[in-house]
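Have a look at the structure below, then the notes.
Shown next, in the form of C-alpha cells:
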C-alpha cells in the first residue's frame, strides 16, 4: 500500500445474548448522569428525549442483572440520580476496553501505511 | 462482573481523511465481484442497486488512488468486471485486519466474563 493517508477506525460495544447493551453513547449517558446527578440534565446535554434516556437506563439495569443507576426521590432538590458501584465499574470496564481498542486501531493504522 | 453472558462485538473500517472508504459491506461487494466477474451479479446478490454498487466501486477506485475493479467491455459475453492486484491486496489487507480484530474481541470478551 503506497497510499499515505489511510487509517483504521471502528466501534466496539458490549452484548448480552447478541443484543447490544452498552456502547459509546450509553457510556456517555452514564457519565453525564454521574456528573449532573440528573437523568433529565444528561438527556438534554445529549439532545435526547427524557423517555429515551430512561428507556436506555432501564434496559441497561435489566440486562446487566443489577442496576447501574438508581433514583433517590424527594427531598429539597426533588431527588437525584446516582450511579451504583456496578454502574461505576461498568464505565471503567468500557473505558479500559476502549483504550485497548484505540491502541489496536493505532497499531494497525501504522501497518496500513507501510 | 458476575454476569456470564456478556461479550464484546464491534466493527472496523478503513478511512482516508476521516471518510470511510472500506468496511465489511464493501469488502463483501469486492469479493462478490471477484467471484462472479460481474458488478450487476454482485449487486443483486447483496440486494443493492446496480447504481449503488457502481458508486461504491467508483468511490473506492478514487480514494485508494488506483482502481480496485476494472471493466473489460465487449466480447462474446458482453464484458466482465475484474479485480486489479490492488483490489485483491485490499481484500487481503482488510481480512487480515478483521482476523486480528476478531482475536481482540475474543480476548477481551474473556476478560469481561471474569
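Residue numbers (the working numbering), protein chains in the order written: chain U, -5 to 108; chain S, -5 to 108.
From the three backbone atoms N, C-alpha and C, an ideal C-beta is built for every residue, glycine too.
Bridge-paired residues (DSSP) for residue i
i: residue 24/U; result: None, per the DSSP bridge assignment.
i: residue 44/U; result: DSSP lists no partner for residue 44/U.
i: residue 0/U; result: 10/S
i: residue 88/S; result: Residue 88/S is not bridged to any residue.
i: residue 33/U; result: None; residue 33/U has no bridge partner.
i: residue 64/U; result: 76/U
i: residue 16/U; result: 8/U
Contact under 8 Å by Cβ, residue i with residue j
i: residue 104/S; j: residue 25/S; result: no
i: residue 19/S; j: residue 75/S; result: no
i: residue 10/S; j: residue 80/S; result: no
i: residue 54/U; j: residue 82/U; result: no
i: residue 28/U; j: residue 77/U; result: yes
i: residue 21/S; j: residue 88/S; result: yes
i: residue 99/U; j: residue 0/U; result: no
i: residue 102/U; j: residue 91/S; result: yes
i: residue 59/U; j: residue 65/U; result: no
Chain U within 8 Å of residue i, Cβ atoms only
i: residue 108/S; result: Because the pLDDT at residue 108/S is just 41, under 50, the model does not fix this residue reliably, and the point stays unresolved.
i: residue 100/S; result: no
i: residue 52/S; result: no
i: residue 94/S; result: yes
i: residue -5/S; result: Unreliable placement is indicated for residue -5/S, whose pLDDT of 45 sits below 50; the coordinate value is still reported in the next sentence. Answer yes: the Cβ-Cβ gap between residue -5/S and chain U drops below 8 Å somewhere.
C-beta neighbour in chain S for residue i, strict 8 Å
i: residue 45/U; result: no
i: residue 91/U; result: yes
Item to complete: Pair every Cβ in the region 47 to 59 of chain U with every Cβ in the region 36 to 54 of chain S, then say whether three or more of these pairs are closer than 8 Å.
Response: no
Of all the residues that make up the region -2 to 17 of chain U, which are near chain S by a beta-carbon distance shorter than 7 Å? -1, 0, 1, 2, 3, 4, 5, 6, 7, 8, 9, 10 and 11
- prompt: Are at least three pairs of beta-carbons, each pair with one atom in the region -1 to 10 of chain U and one in the region 86 to 100 of chain U, less than 8 Å apart?
  reply: yes
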